[in-house]
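Asker: Taken in order, these protein sequences are the chains called A and B. With the numbering used here, you'll find the first sequence wraps up at 178, consecutive numbering, no jumps. With the numbering used here, you'll find the second sequence wraps up at 1194, consecutive numbering, no jumps. Got a structure for you, written out below as structure tokens; questions coming shortly.
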Amino acid sequence: MLEQVIGILSKWTIPFLVLFIPTFAYFKGVKVYEEFIEGAEEGFKIAIKLIPYLVAMLVAIGIFRNSGAMNIMVGALSPVIKLFGIPGEILPLAIMRPLSGGGALGIATELINTFGPDSLIGRMASTMQGSSDTTFFVLTVYFGSVGISRYRHALWVGLIADFTSFVASVYIVNKMFG
Amino acid sequence: MINLIWLALIVIGILVAAINGQPEIITDTVLQAANLAVKYSFDLIGLMTFWLGIMRLGEAAGLVDILAKIIRPFTRFLFPSVPENHPAMGAILLNISANILGLGNAATPFGLKAMQELQTLNKNSDTASDAMITFLAINTSCIVIVPATIIGVRVAAGSLNPTEIVGTTLFATLIGMIIALTADNLFRLFTRKG
């Protein structure tokens, strides 16, 4: 029931907004077409401004991942996490999740297909993939769009959130389905 | 910090490739990743342009102000440095709502608009402000009610109950967000004193 309501909401929100906002503005006396163009002009500048930030970050992450350095890191860490009762198979997903959205989805899909979607590992991978975001990418895009290169503690906060979601995913899946 | 991480990713990656005797991987990756970055920015142009146009209409009609007023109790607590009824608040609310509904395509333009507005309040234009960091802490641990992509993967893999992970996902996200906001506050406390 709740899922159906949410499904309908997700489907209709955008058409509703695109109908409602301009109509409402028109009756408020806004020159809708001219005003739209003026706001829209900004969009191009912001998107283009991102390029240097994204190139820098995606190239560095790509080198780390494709060279095999990430696999070495996974290999070194998996005995440690096994001590805590966390299956080593999901570690690559935990490390990839903040670095690369596409890479993480690939690993999650592989785990779900290898172990089965309704296995413990399949459920952990699903929960982890859905419960956090690609922190490095989000920070690069959002800060890049306003020309900020000093992140202060933003990266730490994002990585702490990812780590917490990872641990919470393992805990709750064990508790609910284990 | 970001300088060191960035350099470490590159240096370690190239060393590993060198030890494995596969320097050509690096050359290929540089080209691919750089192209991907440009492609992402170009893919964003259309959406950004459209949604910022719509947002301007919302601002001109006073809708963004109304939204900002409704969520004031909540934002005053989370973003004490942002003045009441500032346009950043409307954009932040739209970004978070779009994220919750899983509308990633609309969430990014609203989020970047929010960053532009927060930047107008920022004293050091090359340094992240407190409000920006809090906003991104919420944004990166974004609550999604229906994680549609992963449910799709589960359906394709033949799950008997593809949506059973909705509850566990919500739990893990909420814990992540609470810890992120707590950490953000602690960091702020320490940097103030230091």
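For each residue, glycine too, the CB sits at the ideal point set by N, CA and C. Since this is a predicted model, take the numbers as computed values, not measurements.
Taking CB distances under 8 Å as the criterion, tell me whether B:Met1048 reaches chain A.
Answerer: B:Met1048 counts as touching chain A.
Asker: Under a Cβ-count criterion, where at least 16 other Cβ atoms within 10 Å of its own Cβ denotes burial, should A:Tyr151 be classed as buried or exposed?
Answerer: Counting Cβ neighbours within 10 Å, A:Tyr151 comes out buried, since at least 16 surround it.
Asker: Determine, for A:Ala69, whether the minimum Cβ-Cβ distance to residues of chain B falls below 8 Å.
Answerer: Yes, its Cβ sits closer than 8 Å to a Cβ of chain B.
Asker: Strictly below 8 Å CB to CB, what residues from chain A border B:Ile1061?
Answerer: The question names Ile, yet the displayed sequence has Ala at residue 1061 of chain B. In chain order: Ile21, Phe24, Ala25, Lys28, Val30.
Asker: With a Cβ-Cβ cutoff of 8 Å, do A:Pro92 and A:Val74 count as a contact?
Answerer: Their beta carbons are under 8 Å apart, which means A:Pro92 touches A:Val74 by this criterion.
Asker: Checking contacts by CB at 8 Å: is A:Gly62 closer than that to chain B?
Answerer: Yes, A:Gly62 counts as interfacial toward chain B.
Asker: Is A:Pro162 buried or exposed, if buried means 16 or more other CB atoms sit within 10 Å of its CB?
Answerer: According to the sequence shown, residue 162 of chain A is Asp rather than Pro. Buried, by the Cβ-count rule.
Asker: Any Cβ of chain A within less than 8 Å of the Cβ of B:Val1082?
Answerer: False, the Cβ-Cβ gap to chain A never drops below 8 Å.
Asker: Pull up the distance between the alpha-carbon of A:Glu41 and that of B:Trp1051, whole angstroms please.
Answerer: Taking the straight line joining both Cα atoms gives about 11 Å.
Asker: Have a look at the DSSP bridge pairing and note the partners of B:Thr984.
Answerer: Since the first residue shown for chain B is 1001 and the last is 1194, residue 984 of chain B is missing from the structure and cannot be characterised.
Asker: For B:Leu1186, which residues from the same chain have a beta carbon less than 6 Å from its beta carbon, with the 5 sequence-adjacent residues on both sides left out?
Answerer: None.
Asker: What did DSSP end up calling B:Val1144 once you bin it into helix, strand or coil?
Answerer: Coil at B:Val1144, not helix or strand.
Asker: Using only CA atoms, which one of A:Val141, A:Leu99, A:Val59 lies nearest to B:Asp1028?
Answerer: The shortest Cα separation from B:Asp1028 among A:Val141, A:Leu99, A:Val59 belongs to A:Val59.
Asker: Which same chain residues, not among the five before or five after A:Val32, have their C-beta less than 8 Å away from its C-beta?
Answerer: Once the five neighbours on either side are set aside, the close Cβ partners of A:Val32 are Pro22, Ala25, Tyr26.
Asker: Hey, out of A:Gly106, A:Ser165, A:Phe137, whose CA is closest to A:Leu50's CA?
Answerer: Selected option, being the one with the closest Cα: A:Phe137.
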